[in-house]
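If you want the working numbering, it's the 1-based position in the sequence shown plus 53.
A short write-up of the structure that comes next.
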Amino acid sequence: MLPKMYGFQAAGSAPIVDGHPIENPQTVATAIRIGNPASWQGATNALKESKGHIDKVTDDEILAAYKLVARTEGIFAEPASTAPLAGLIKCVKAGLIPAGAVITATLTGHGLKDPDTAIKSAGFEAVVTRPDKNAVMKIIGI
């Protein structure tokens, strides 16, 4: 059986889903902030040939997946790499993924590609200290 290809674009930057180039794409997921992708035809061919699905996910959905994969799996990915997870979650909630399906979601971008999003999403300000064991232990309360 041929795998079904599912693809997800950021809602503010979804030219394939919307069916036309996006002049000023906007998304927190900077690596997929593309208004007219060079791989447009290849993506639509894969979608058609595999009888797959393409959709868009919001920045809020992307950031929720970003935090989820960090919190539950210890994976520090960039926001663009968590768009597939956000899309998968959306599809499961919509009943588009059959029970027992085998799924592969590729998260290739490391979180250090976009440290500003990590800092903003942390919920607290970073503390800077000297590179000394005792100084670090004092800050963390040990």
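A virtual CB, placed ideally from N, CA and C, is assigned to each residue, including glycine.
Helix, strand or coil: how does DSSP classify valine 189 here? helix
Rounded to whole angstroms, how far is the Cβ of threonine 75 from the Cβ of tryptophan 93, which I believe are closer than 8 angstroms? Before going on, a small fix: residue 75 reads as isoleucine here, not threonine. Contact doesn't hold; Cβ gap of about 12 angstroms is too wide.
Report the three-state DSSP secondary structure of glutamine 79 (helix, strand or coil). coil
Residue closest to leucine 100, alpha-carbon to alpha-carbon, out of Pro132, Phe61 and Ser66: Phe61
Take isoleucine 87 and list the residues in its own chain whose beta-carbon comes closer than 7 angstroms to its own, dropping the five residues that flank it on each side. Ser66 and Pro78
Cβ of serine 134 within 8 angstroms of Cβ of threonine 111? no
Just how far apart, CA to CA, sit aspartate 185 and alanine 179? 16 angstroms
DSSP puts glutamine 62 in a beta bridge; with which residues? Lys109
Per DSSP, histidine 163 forms a beta bridge with which residues? Ala130
Where does glycine 164 land, buried or exposed, given buried means 16+ other C-beta within 10 angstroms? buried
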